[in-house]
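See structure below.
Chains as they are written, first to last, in the working numbering: chain A, 107 to 263; chain B, 102 to 482.
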């Protein structure tokens, strides 16, 4: 009878070990919850509005057609500021890289939009935050990128 | 850690395992006749199995008991533990959300009973009057209070003939510099009227697609677009073709109607120059879309207090009124339609209410439906 008991003890230890490993690995990010938390926490100086699927291509012209499993993008509702918050969940590292390229193109487009329109907004684009972690990418233009960066890191711990 | 039935079972397992192990050992010991505990309800039964040399019976009991205890502990834990807090999703002002979710199509039934199935016949008075005055004469001082009074009385007379869906909140700031007049109120058209229309403009016009106000129409607009770059930037996305300049896109699409809203980003410059550039822009648009019905919209009013803080320049509503008056005369000269949208949005002070804007220039999303309400009731055939 010692052998079966040993087998079950080992099985139980394996389960507990697996449980411990789960706690240290990166958590899946709930994009909806994360962006809602950011919008509640950060004091934006403009109203932000979520981009619909139909509009995304007008704003992010170089997004890859595949490799993005989910995204949540908020832009300035009035175009009075360059404020923006975008989080992408990608399927692999290649998709993350492609999304990063699209985000950089978006920043370039915004520079063209604002340099002769509201030049003060261009400095915000200089401080734009692009952060990747695993298969997630965060892009933020806001008055408080430090808080958003910290929230992103905390959400994935 | 996310608490769900699986994770709770996982954590309950060690406790159940220990309990089951304790029970099994007790049964084994009892089977050897050294000790028999009556604490365990199933001990006697297992004892009988064990005495009949069915050595696997304690093991089976251990398995079932462990699984059963796991689920029992998990269930009790789940019932007793407080539910995790769920963050409230981001939400806009309920008043804005209410209007935002009322798509133009969904609002149609309210008016469909009084609307014809097809587009209404053109109002003979809605044809733009040709203006013989040259652009260079626009700044002449022929106008004055009399012209303003005529303007106001004309609008009042028109308004009394056709009951407006929503009357303008204040008098128009236009001064008539020629025979040209704004498009008067007309029968309300359906949203399908905008199926073959394109909207050309700046950041204000981008809101049409951003807020999905009229999803069946086409928007060629960009933040920062102005009279100086509207024809050179590739802001017109044509399906299957790509991003084109406005003129190239006009060549490709040949829309039936063109709505233009420009000038807001150029009004700090000399108005004579602004009107001259507008004139050239109109000429090119007309040349590339000769069959289109063209509507030029007046520049929106601003909230001067908010605007001066955000944009730090000298534009005032008086300048905007002057620009719009000259633009009306220009439209008469070019034979295109002028829509006095400005009069629809201005408050009793002649400006944009602080409640309608956050930066003094851009209107809130809720007002886009009002804007289209105006366009639907001011059309020509």
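Backbone N, C-alpha and C fix where the C-beta goes; we use that ideal spot for every residue, glycine too. Predicted model only: the values in this text are computed from it and were never measured.
Inter-residue distance for residue 193 (chain A) and residue 177 (chain A) is about 6 Å (C-alpha atoms, whole angstroms). DSSP places residue 401 (chain B) outside both helix and strand once states are collapsed to three, so it counts as coil.
If you draw a 10 Å sphere on the C-beta of residue 283 (chain B), you find 16 or more other C-beta atoms in it, and that means buried. Shown here, residue 230 (chain A) sits in a helix according to DSSP, grouped into three states. Taking the Cα positions, residue 195 (chain A) is about 18 Å away from residue 181 (chain A).
In this structure, the beta-carbon distance from residue 205 (chain A) to residue 262 (chain A) does not fall below 8 Å. Look at the segment 173-198 of chain A: the residues with a C-beta under 7 Å from a C-beta of chain B are 183, 184, 185, 186. Within the same chain, and ignoring the five residues on either side of residue 227 (chain A) in sequence, the residues whose Cβ sits closer than 7 Å to its Cβ are 187, 188, 220.
A Cβ-Cβ contact shorter than 8 Å links residue 395 (chain B) with residue 361 (chain B). Across the segment 145-162 of chain A, CB contacts with chain B closer than 9 Å involve 145, 146, 151, 152, 153, 154, 155, 156, 157, 158, 160, 161, in sequence order along the chain.
A direct Cα-Cα distance of roughly 11 Å separates residue 152 (chain A) from residue 145 (chain A).
Apart from sequence neighbours up to five positions away, the residues of its chain that approach residue 183 (chain A) with a beta-carbon distance below 8 Å are 152, 153, 154, 155, ordered along the chain. Where residue 182 (chain A) is concerned, the enclosing beta strand (DSSP E) starts and stops at 174-182. Residue 428 (chain B) is outside the set of residues whose beta carbon lies under 8 Å from a beta carbon in chain A.
In terms of Cβ geometry, residue 354 (chain B) and residue 301 (chain B) do not form a close pair [threshold 8 Å].
Taking the beta carbon of residue 220 (chain A) as reference, the chain B residues within 8 Å of it are 324, 325, listed in sequence order.
Residue environment: residue 190 (chain A) is assigned as buried (16 or more neighbouring CB atoms within 10 Å of its CB, all protein chains considered). Using a Cβ-Cβ distance cut-off of 8 Å, the segment 373-383 of chain B and the segment 328-347 of chain B are in contact, since at least three pairs of beta carbons, one from each stretch, lie closer than that value. Going by C-alpha positions, residue 458 (chain B) is about 18 Å away from residue 364 (chain B).
Rounded to whole angstroms, residue 406 (chain B) and residue 225 (chain A) show a C-alpha spacing of 20 Å. Among the residues facing chain B, residue 223 (chain A) is included, as its CB has a counterpart in that chain under 8 Å away. The beta carbons of residue 306 (chain B) and residue 322 (chain B) sit closer together than 8 Å. The Cβ atoms of residue 428 (chain B) and residue 439 (chain B) sit closer than 8 Å to each other. Remark: C-beta atoms of residue 164 (chain A) and residue 198 (chain A) do not approach each other more closely than 8 Å. Contact residues of the segment 297-315 of chain B toward chain A are 304, 307, 310, 311, 313 (C-beta to C-beta distance below 7 Å).
Across the set B:122, B:415, B:366, B:424, the C-alpha of B:366 shows the shortest separation from the C-alpha of residue 303 (chain B). The beta carbon of residue 408 (chain B) sits closer than 6 Å to the beta carbons of 461, 462 from its chain, once the five residues preceding and following it are set aside; these are given in chain order. In this structure, DSSP gives residue 168 (chain A) a state outside helix and strand, which the three-state scheme calls coil. For residue 158 (chain A), the three-state secondary structure derived from DSSP is coil. In the three-state DSSP reduction, residue 387 (chain B) falls in the helix class (H, G or I).
Chain B has a Cβ within less than 8 Å of the Cβ of residue 164 (chain A). Residues of chain A whose Cβ lies closer than 9 Å to the Cβ of residue 462 (chain B) are, in chain order, 184, 186. Using beta-carbon distances, residue 404 (chain B) does not count as an interface residue toward chain A, since no partner is under 8 Å. In this structure residue 477 (chain B) is in contact with residue 289 (chain B), their Cβ atoms being roughly 5 Å apart against a cut-off of 8 Å. At a C-beta separation below 8 Å, residue 444 (chain B) has no neighbours in chain A, since its nearest C-beta there lies roughly 22 Å away.
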